[in-house]
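Using our numbering, you'd call the opening residue of the sequence shown number 71 and step up by one each time.
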Amino acid sequence: MTVNAQIIRSQDWLDTHQGEIDDLYASADFENFYFSTPWLKEWLKRQTPAISVIIIVARSSEGKLVGFWPFVERPGLLGTKGLWPFVYDEANYFHPVCMVDAALPLINALESLLGEFLFSWIPLIQDSFWSAFFDSKITESHFLHIHRKPRSTSFLVPTRDTSFEDYWSTQVGAKTRKSYRYDQNALAQKGNVRIDIFKSFEAVRAAMPATCVVEVESWKSKERAGLYTARGKRGFFFELLPKLAEQGRVYLPILRVNDQPIAWQIELVGEKSIGLHHLAFDDRWKKYSPGKQLLQYRLKQIWQEAKAVDFLPGHFDYKEKLASAVEPVHELHWFRKTWRGLLARRLILGNIKVRKKIREKAKDTKVNKIRKSVLQESDQS
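Quick look at the structure:
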């Protein structure tokens with residue numbers, strides 16, 4: 071297939087070509103949950119002041135849209151400009167939505183923009199896309215770069231002719247399975263346990279207040295890491311999720327006891343997989359493991375639908391324990407080869423080292439606190 075790339079610099083393009091984008095999204099070889107039109111348009115509306123948009127598109131010789139990669143302009147060093155991806159403060163992936171033949175033309179177009187912009191930054195790139203296209207390209211490119219693998223992502227891929235029960239018994243130890251059953255029985259004794267899965271625009275919109283009830287009492291919110299913790303985020307998701315549901319791009323499972331919501335999660339729906347964007351539970355019900363109960367229930371259903379589960383980047387032990395595969399996720403800084411580009415590269419590398427030391431110090435502090443607590447309990451006994 072002959073593919074040509076084009077640079078678009080108009081926000082209106084998202085509105086006038088929404089149908090094309092949605093059609094590509096439904097058939098692309100490489101999908102990205104976060105580059106569907108509701109994510110892009112709702113996120114863009116909340117950028118104050120307004121930002122400049124740079125969209126790389128790829129079309130076949132017949133004019134069909136076969137690739138789509140949205141960026142925004144950001145200020146750089148010494149009055150320069152850089153390219154950051156859309157939804158940079160919310161998304162977990164930033165590789166393009168495209169057919170296989172469009173991948174390299176899109177990357178080449180991004181490289182050509184380094185004549186205008188000092189750098190481009192792509193925080194999280196799925197390993198399958200990186201290995202197939204970016205790895206060799208970066209090696210051959212004369213531009214400066216920083217390549218890291220800062221995170222990993224876990225996948226649960228259904229195996230043909232294997233039941234979920236067989237997989238579960240193989241993957242999860244006997245002690246853990248026993249604990250799950252105990253939590254389920256204990257929670258059932260507290261009242262009527264029900265799991266509802268909201269999928270339509272009307273259903274998701276009506277369910278949003280229930281998510282607030284859970285979020286307020288979740289440990290994530292208490293640690294200032296909840297979905298609605300940051301200012302404006304609740305309004306953003308209240309607008310976004312129903313519109314995603316309207317396109318069939320999100321499911322909202324909610325676990326209730328006697329009509330009281332105690333756990334919920336956001337599932338981003340792709341053609342090949344479902345991404346678990348968020349999971350939270352009411353901390354007052356912690357001893358019954360409501361989050362784990364909801365997750366197990368949905369994993370079984372998704373397995374039966376023959377879709378993969380993408381736990382999305384971010385290290386948590388439970389993800390790897392439940393996964394059938396774990397892959398690295400890549401980060402790329404790409405710089406123009408000038409003295410400004412060299413300086414920017416050095417500054418970013420220095421910042422990475424500083425942040426690494428801060429994380430290590432915070433981790434050591436936490437370990438020391440736990441060790442001190444254990445010793446105190448030992449002395450008291």
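Ideal placement from N, C-alpha and C gives every residue a C-beta, glycine not left out. Here the structure is a predicted model, which means the values were calculated and not measured.
Which residue's Cα is closest to the Cα of residue i: the options?
i: W218; options: S106, W404, R301 and V320; result: Per the sequence shown, residue 218 should be read as Arg rather than Trp. For R218, the nearest C-alpha among the options comes from W404.
i: D353; options: R221, V283, P155 and F268; result: V283
i: M71; options: V136, A98, I78 and S122; result: V136
i: G318; options: V263, D92, K111 and P279; result: D92
i: S130; options: M169, S211 and E186; result: M169
i: W139; options: W409, I177, I372 and T86; result: I177
i: W373; options: P145, I344, Q363 and V396; result: I344
i: E272; options: Q76, E309, Q330 and K115; result: E309
i: D380; options: R275, Q196 and I267; result: Q196
i: K290; options: G361, F199 and K426; result: G361
i: D171; options: T232, D99 and S222; result: D99
i: L174; options: Q363, V73 and R294; result: V73
i: S97; options: P383, G340 and G384; result: G340
i: A75; options: Y158, A179, L94 and P145; result: A179
i: E160; options: I216, E112 and S122; result: E112
i: F234; options: Q371, R406 and R415; result: Q371
Throw me the rounded Cβ distance for the residue i and residue j pair, which I believe falls under 8 Å.
i: W191; j: G152; result: 7 Å
i: F156; j: E181; result: Incorrect: roughly 19 Å between the Cβ atoms, too far for contact.
i: A315; j: K269; result: 6 Å
i: D266; j: I324; result: 5 Å
i: L322; j: A277; result: 6 Å
i: L364; j: A333; result: 5 Å
So, is residue i buried or exposed, given that buried needs 16 or more other C-beta atoms within 10 angstroms?
i: I428; result: exposed
i: Q117; result: exposed
i: K313; result: buried
i: S206; result: exposed
i: N351; result: Sequence check: residue 351 is Phe here, not Asn. Burial call: buried.
i: S288; result: buried
i: T86; result: exposed
i: H385; result: exposed
i: L417; result: exposed
i: A300; result: exposed
i: N162; result: buried
i: E293; result: exposed
i: V424; result: exposed
i: E457; result: Residue numbering for the chain in the displayed model covers 71 to 451; residue 457 lies beyond these limits and cannot be assessed.
i: S106; result: buried
i: R79; result: exposed
Where residue i and residue j are concerned, what is the direct C-alpha to C-alpha distance, given to the nearest angstrom?
i: L419; j: E430; result: 17 Å
i: R251; j: P108; result: 39 Å
i: G305; j: Q366; result: 29 Å
i: F225; j: K389; result: 8 Å
i: R247; j: T240; result: 10 Å
i: L188; j: A256; result: 58 Å
i: V320; j: W409; result: 45 Å
i: Q259; j: Q88; result: 49 Å
i: I77; j: E101; result: 20 Å
i: W200; j: E397; result: 11 Å
i: L412; j: L349; result: 41 Å
i: V142; j: T209; result: 25 Å
i: A376; j: D231; result: 11 Å
i: W355; j: Q330; result: 11 Å
i: E90; j: P166; result: 15 Å
i: L184; j: A128; result: 18 Å
i: W238; j: A120; result: 48 Å
i: F103; j: G149; result: 33 Å
By Cβ distance, which residues of its chain are closer than 6 Å to residue i, with the 5 residues on each side in sequence left out?
i: E401; result: P193, R218 and P220
i: Y298; result: E285 and R304
i: A395; result: F225
i: G146; result: G152 and L188
Report all residues from its chain with a CB closer than 7 Å to the CB of residue i; omit the five preceding and five following residues, and keep chain order.
i: W83; result: I125
i: N328; result: G261 and N262
Cβ of residue i less than 8 Å from any chain C Cβ?
i: E181; result: Chain labels in this structure do not include chain C; a single protein chain is all it has.
Excluding the five sequence neighbours on either side, which residues of its own chain have a C-beta within less than 8 Å of the C-beta of residue i, listed in chain order?
i: S249; result: S359
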